[in-house]
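Sequential numbering from 437 applies to the sequence shown in full-length UniProt numbering.
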Amino acid sequence: AKRRGRGRPVRFHGALAASARYRRLIETDLRGAIARRELGLHYQPIVRAEDGETVGYEALLRWQHPARGPISPLDFIPVAEETGLIHEIGAFVLHEACREASRWTSGRSIAVNLSPVQFRNAALAAQVASALAASGLPATRLEVEITESVLLDASSNNLALLGQLKQLGLRIALDDFGTGYSSLSYLCTFRFDKIKIDRAFVREICVSREALAVVRAITGLSRSLAIATTAEGVETPDQAACLRREGCTQLQGYLYGKPMPASALPESGMALRAG
Ligand code: C2E
Ligand code: CA
Ligand code: CA
Ligand code: CA
Numbered sequence: 437a438k439r440r441g442r443g444r445p446v447r448f449h450g451a452l453a454a455s456a457r458y459r460r461l462i463e464t465d466l467r468g469a470i471a472r473r474e475l476g477l478h479y480q481p482i483v484r485a486e487d488g489e490t491v492g493y494e495a496l497l498r499w500q501h502p503a504r505g506p507i508s509p510l511d512f513i514p515v516a517e518e519t520g521l522i523h524e525i526g527a528f529v530l531h532e533a534c535r536e537a538s539r540w541t542s543g544r545s546i547a548v549n550l551s552p553v554q555f556r557n558a559a560l561a562a563q564v565a566s567a568l569a570a571s572g573l574p575a576t577r578l579e580v581e582i583t584e585s586v587l588l589d590a591s592s593n594n595l596a597l598l599g600q601l602k603q604l605g606l607r608i609a610l611d612d613f614g615t616g617y618s619s620l621s622y623l624c625t626f627r628f629d630k631i632k633i634d635r636a637f638v639r640e641i642c643v644s645r646e647a648l649a650v651v652r653a654i655t656g657l658s659r660s661l662a663i664a665t666t667a668e669g670v671e672t673p674d675q676a677a678c679l680r681r682e683g684c685t686q687l688q689g690y691l692y693g694k695p696m697p698a699s700a701l702p703e704s705g706m707a708l709r710a711g
């Protein structure tokens, strides 16, 4: 297995990632990772396209494994989903993200990723409500990001659960839009507040007519439906300019800031230290 100390998360590709042995290793170590305080959140800025002003942050889960170093969420979230550990981890993320955001005097919002598996929990809305209540964060400052797979499961009552979340007063974003089975018709099945345009299109927007056409279709329909659009993975000023021209309302990516620990945020502790 590839191993490195600190630094970039190591991805376990292909056969290794898929192997039952690897999954068992991850599963064993993931149990109790919360209690051992190995899981934490990083925060990545989301800026207004118009003027580059930071409007909020997306919470992104990080696992600092004591022996293997940082492990990518792309490697451990699937294991958490298969084993059901995602319910406990998801609750941790919600509580931690709301608690952190409640300390920000800037009033900026916080976006939290929800796994489709979390929708198998009928008490999901109650769990979100409890994170809001415990932290004192107003629901209007919380956004949850879901992927279209939540909508794909036609037999489920996921739409009802989404309605319950909406009732709490938070915003709901459709993540990774344009990939997978994404269809523009999803935008009519539920009143989303925001669409996040997948990095795959953002990466190509300046060089591929097809990518530009997809972005144009998404921003056009969003505008008609009065839905905000965030482009993810913006890395260059040229990409930002193209996205602005297409009417994208928010931008997110390394150009504006990488995911960082709460202590590195401009709002970190300043008010507390001053006060
Ligand atoms: P995502 O929700 O699509 O998050 C965006 C990913 O793109 C993040 O990867 C982020 O670090 C990365 N990114 C942001 N800007 C750029 C950029 O300019 N260039 C490039 N190359 N990458 C950029 P990360 O943090 O590794 O997370 C990967 C995925 O893991 C997330 O994709 C999300 O699906 C999942 N994930 C992360 N945290 C959570 C969580 O708390 N709960 C759940 N259920 N899933 C999570
Ligand atoms: Ca996301
Ligand atoms: Ca995304
Ligand atoms: Ca993604």
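Glycine included, C-beta positions come from ideal geometry on N, C-alpha and C.
Of the listed residues E494, R460 and V670, nearest to E518 (C-alpha basis)
Residue mapping note: residue 518 aligns to position 82 of the sequence shown, counting from 1. Among E494, R460 and V670, the Cα nearest to that of E518 belongs to R460.
Residue from E486, T490, D487 and P509 with nearest C-alpha to L475:
Numbered from its first residue, the sequence shown carries residue 475 at position 39. Among E486, T490, D487 and P509, the Cα nearest to that of L475 belongs to P509.
Is the number of C-beta pairs between the region 632-647 and the region 598-605 that are closer than 8 Å three or more?
no
Compare the C-alpha of P502 against each of S619, I470 and S542 and name the closest.
As a position in the sequence shown, residue 502 is number 66, starting the count at 1. Nearest option by C-alpha distance: I470.
Using DSSP with H/G/I as helix, E/B as strand and the rest coil, what is Y493?
By one-based count along the sequence shown, residue 493 stands at place 57. Three-state result, Y493: strand.
Is the beta carbon of A664 less than 7 Å from the beta carbon of K630?
Your numbering for residue 664 matches position 228 in the sequence shown. Your numbering for residue 630 matches position 194 in the sequence shown. Going by C-beta atoms, A664 is nearer than 7 Å to K630.
To the nearest angstrom, how far is the alpha carbon of N549 from that of Y493?
Working through the sequence shown from its first residue, we reach residue 549 at position 113. Working through the sequence shown from its first residue, we reach residue 493 at position 57. Each residue's alpha carbon lies about 12 Å from the other.
Check this for me: beta carbons of R659 and A485, under 7 Å apart or not?
Numbered from 1 along the sequence shown, position 223 holds the residue referred to as residue 659. Numbered from 1 along the sequence shown, position 49 holds the residue referred to as residue 485. No, the Cβ-Cβ distance between R659 and A485 is not below 7 Å.
Should G505 be listed as close to ligand 1, given that the test is whether its C-beta is under 6 Å from any heavy atom?
For the purposes of this step, residue 505 is taken as the residue at position 69 of the sequence shown. Every heavy atom of ligand 1 is 6 Å or more from the Cβ of G505, so no.
Fully enclosed by the region 465-491, which alpha helix (DSSP H) runs are 4 residues long or longer?
none
Can you give me the Cβ contacts of G520 inside the same chain, cut-off strictly under 8 Å, excluding the 5 residues immediately before and after it?
The sequence position of residue 520 within the sequence shown is 84, counting from 1. These residues qualify, in order along the chain: V553.
Beta-carbon proximity list for residue 429, same chain, < 7 Å, skipping 5 on both sides
Past the edges of the chain, shown from 437 to 711, lies residue 429, and the structure says nothing about it.
For R607 versus E579, is the C-beta spacing smaller than 7 Å?
By 1-based counting over the sequence shown, the position of residue 607 is 171. By 1-based counting over the sequence shown, the position of residue 579 is 143. In this structure, E579 lies closer than 7 Å to R607 by Cβ.
My guess is that residue 719 and A700 are in contact by the Cβ rule of under 8 Å, so how many angstroms apart are they, rounded?
Because the chain in this structure spans residues 437 to 711, residue 719 falls outside the shown range and cannot be described.
Report whether the distance from the Cβ of E581 to the nearest heavy atom of ligand 2 is below 6 Å.
Within the sequence shown, numbered from 1, the residue matching residue 581 stands at position 145. Because some heavy atom of ligand 2 lies under 6 Å away, the Cβ of E581 counts as near it: yes.
Just curious, the beta strand (DSSP E) that K630 is in, first and last residue?
Position 194 of the sequence shown, counted from the start, is the residue given in the question as residue 630. Per DSSP, K630 belongs to the beta strand (DSSP E) from K630 to I633.
Return the chain-ordered list of same chain residues with a C-beta closer than 6 Å to the C-beta of T655, the five sequence neighbours on each side being excluded.
Stepping through the sequence shown from its first residue, residue 655 is reached at position 219. The beta carbon of T655 sits closer than 6 Å to the beta carbons of T665, E682, G683 and C684 from its chain, once the five residues preceding and following it are set aside; these are given in chain order.
Going by DSSP, name the residue or residues bridged to Q500.
For the purposes of this step, residue 500 is taken as the residue at position 64 of the sequence shown. The partner list for Q500 (beta bridge, DSSP) reads P506.
What distance in whole Å lies between the Cβ atoms of F613 and D589, which are believed to be in contact at a cut-off of 8 Å?
Along the sequence shown, read from residue 1 onward, the residue named residue 589 stands at position 153. Along the sequence shown, read from residue 1 onward, the residue named residue 613 stands at position 177. At roughly 18 Å, the Cβ-Cβ gap does not stay under 8 Å, so D589 and F613 are not in contact.
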